[in-house]
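Input: a single structure, listed below in structure tokens.
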Amino acid sequence: MTTLLISDLHLHPGAPRITEGFLHWLEERARGCDALYILGDFFEAWIGDDLLELGEQDPTGNAALAARIAAALKQLADSGTAIYMMHGNRDFLLGERFASDAGATLLSDPSVVALGNERVLLMHGDSLCTRDEAYQAFRAQARHPLWQEQVLSMPIQERIALARQMREQSGEANSSKAEDIMDVTPSEVESAMAEHGVTTLIHGHTHRPAVHALEVEGRPAKRYVLGDWQPGKGWEIVIEDGGEPRLEAFSLS
Numbered sequence: 000m001t002t003l004l005i006s007d008l009h010l011h012p013g014a015p016r017i018t019e020g021f022l023h024w025l026e027e028r029a030r031g032c033d034a035l036y037i038l039g040d041f042f043e044a045w046i047g048d049d050l051l052e053l054g055e056q057d058p059t060g061n062a063a064l065a066a067r068i069a070a071a072l073k074q075l076a077d078s079g080t081a082i083y084m085m086h087g088n089r090d091f092l093l094g095e096r097f098a099s100d101a102g103a104t105l106l107s108d109p110s111v112v113a114l115g116n117e118r119v120l121l122m123h124g125d126s127l128c129t130r131d132e133a134y135q136a137f138r139a140q141a142r143h144p145l146w147q148e149q150v151l152s153m154p155i156q157e158r159i160a161l162a163r164q165m166r167e168q169s170g171e172a173n174s175s176k177a178e179d180i181m182d183v184t185p186s187e188v189e190s191a192m193a194e195h196g197v198t199t200l201i202h203g204h205t206h207r208p209a210v211h212a213l214e215v216e217g218r219p220a221k222r223y224v225l226g227d228w229q230p231g232k233g234w235e236i237v238i239e240d241g242g243e244p245r246l247e248a249f250s251l252s
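Numbering (numbering that gives the first Met the number 0), first residue to last: 0 to 252.
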């Protein structure tokens with residue numbers, strides 16, 4: 000029994016080495032595993048599942064990329080690997096159509112799942128960064144069904160422009176924030192783990208791969224943070240035969 004977890008690939012047409020590295024990883028590493036969990040920010044941006052209808056008519060290249068990725072995931076799913084996807088702060092509009100094309104199941108954030116011999120809390124991780132009050136306000140707005148409905152009703156080209164504008168604004172805002180503000184709030188981590196009755200948490204988002212030891216209600220606990228993928232390197236968590244999670248970096252060459 001092998002389970003793999005990944006996060007923060009930020010796939011987009013401008014990063015072909017990461018795309019090719021991921022497709023190679025699917026064939027060489029994920030093929031034959033029992034389950035694959037993708038914990039958000041799989042795509043750099045997602046403007047709605049109707050993007051898939053544009054195909055080659057999409058000048059940004061995102062539609063063709065998404066179709067290629069969905070086909071590769073579906074091939075893995077058809078071979079027997081269960082695939083689960085969680086929304087991130089970049090691709091929170093990812094919907095059931097893409098999931099169906101990819102042979103994947105959408106997971107809510109947070110979710111508690113049985114991995115190995117224990118219950119594990121899975122999150123993207125952005126909800127844990129409560130010291131970033133400006134971002135949390137935007138997150139609450141962007142997750143609201145009415146806001147999403149309004150955005151999805153916009154013409155695709157307007158959504159493409161909106162996504163570009165939001166990425167630029169996010170980059171400008173983050174450049175002036177203190178590093179600790181964009182990391183998780185320790186008390187929020189402990190609260191989330193206690194609420195769900197777990198001693199293991201796995202998340203991404205912060206791009207700070209590490210394994211943190213902590214205590215939750217007097218019990219030893221661990222927080223595993225997945226890293227973001229770069230042109231030459233990817234990150235995964237591996238759980239084999241009911242053992243403990245292993246955080247590993249690997250070459251995308």
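We put the beta carbon where it would ideally sit given N, CA and C, even for glycine.
Express the C-alpha separation of residue j and residue i in angstroms, rounding to a whole number.
| i | j | result |
| --- | --- | --- |
| residue 313 | residue 81 | Because the chain is modelled from 0 through 252, residue 313 falls outside the range shown and cannot be assessed. |
| residue 111 | residue 51 | 30 Å |
| residue 11 | residue 18 | 8 Å |
| residue 208 | residue 185 | 16 Å |
| residue 198 | residue 90 | 28 Å |
| residue 156 | residue 92 | 16 Å |
| residue 218 | residue 2 | 25 Å |
| residue 164 | residue 46 | 12 Å |
| residue 114 | residue 35 | 11 Å |
| residue 145 | residue 242 | 43 Å |
| residue 169 | residue 245 | 32 Å |
| residue 64 | residue 53 | 11 Å |
| residue 41 | residue 56 | 22 Å |
| residue 68 | residue 23 | 12 Å |
| residue 225 | residue 152 | 34 Å |
| residue 234 | residue 154 | 36 Å |
| residue 150 | residue 159 | 11 Å |
| residue 100 | residue 79 | 15 Å |
| residue 62 | residue 136 | 30 Å |
| residue 77 | residue 96 | 17 Å |
| residue 206 | residue 16 | 19 Å |
| residue 236 | residue 247 | 6 Å |
| residue 212 | residue 220 | 6 Å |
Which whole-angstrom value describes the C-beta separation of residue i and residue j, a residue pair presumed to lie in contact below a C-beta threshold of 8 Å?
| i | j | result |
| --- | --- | --- |
| residue 128 | residue 183 | 6 Å |
| residue 193 | residue 216 | 5 Å |
| residue 222 | residue 180 | Not confirmed; about 18 Å, so no contact. |
| residue 14 | residue 230 | 7 Å |
| residue 109 | residue 195 | 7 Å |
| residue 94 | residue 48 | 4 Å |
| residue 201 | residue 121 | 6 Å |
| residue 251 | residue 20 | 3 Å |
Just curious, the alpha helix (DSSP H) that residue i is in, first and last residue?
| i | result |
| --- | --- |
| residue 96 | 95-101 |
| residue 186 | 185-195 |
Going along the chain, which residues of its own chain have a beta-carbon closer than 6 Å to the beta-carbon of residue i, five neighbours each way excluded?
| i | result |
| --- | --- |
| residue 0 | 33 and 240 |
| residue 118 | 111 and 197 |
| residue 249 | 233 |
| residue 7 | 40, 203 and 227 |
| residue 238 | 2, 114, 115 and 244 |
So, for residue i: in the same chain, excluding its five sequence neighbours on each side, which residues have a beta-carbon less than 8 Å away from its beta-carbon?
| i | result |
| --- | --- |
| residue 98 | 84, 104 and 105 |
| residue 75 | 25, 29, 30, 35, 82 and 102 |
| residue 66 | 51, 54 and 100 |
Keeping to the same chain, check which residues put their C-beta closer than 7 Å to that of residue i; ignore five residues upstream and five downstream.
| i | result |
| --- | --- |
| residue 141 | 91 |
| residue 43 | 9, 10, 11 and 89 |
| residue 86 | 39, 93, 108 and 123 |
| residue 162 | 44 and 46 |
| residue 147 | 92 |
| residue 4 | 36, 38, 201, 225, 235 and 236 |
| residue 210 | 221, 223 and 246 |
Looking at the secondary structure, which residues open and close the beta strand (DSSP E) in which residue i lies?
| i | result |
| --- | --- |
| residue 199 | 199-202 |
| residue 246 | 245-250 |
| residue 213 | 209-215 |
| residue 218 | 218-224 |
| residue 234 | 232-239 |
| residue 180 | Unbroken run through residue 180: none, as it is neither H nor E. |
| residue 278 | With the chain covering 0 to 252 only, the question about residue 278 has no answer from this structure. |
Exercise. For the region 5-79, which segments carrying the beta strand (DSSP E) assignment without a break, of at least 3 residues, lie completely within its bounds, in sequence order?
Worked result: Whole beta strand (DSSP E) segments, 3+ residues: 34-38.
Problem set entry | Whole alpha helix (DSSP H) elements within the region 92-151, 4-residue minimum | 95-101, 132-141 and 144-151
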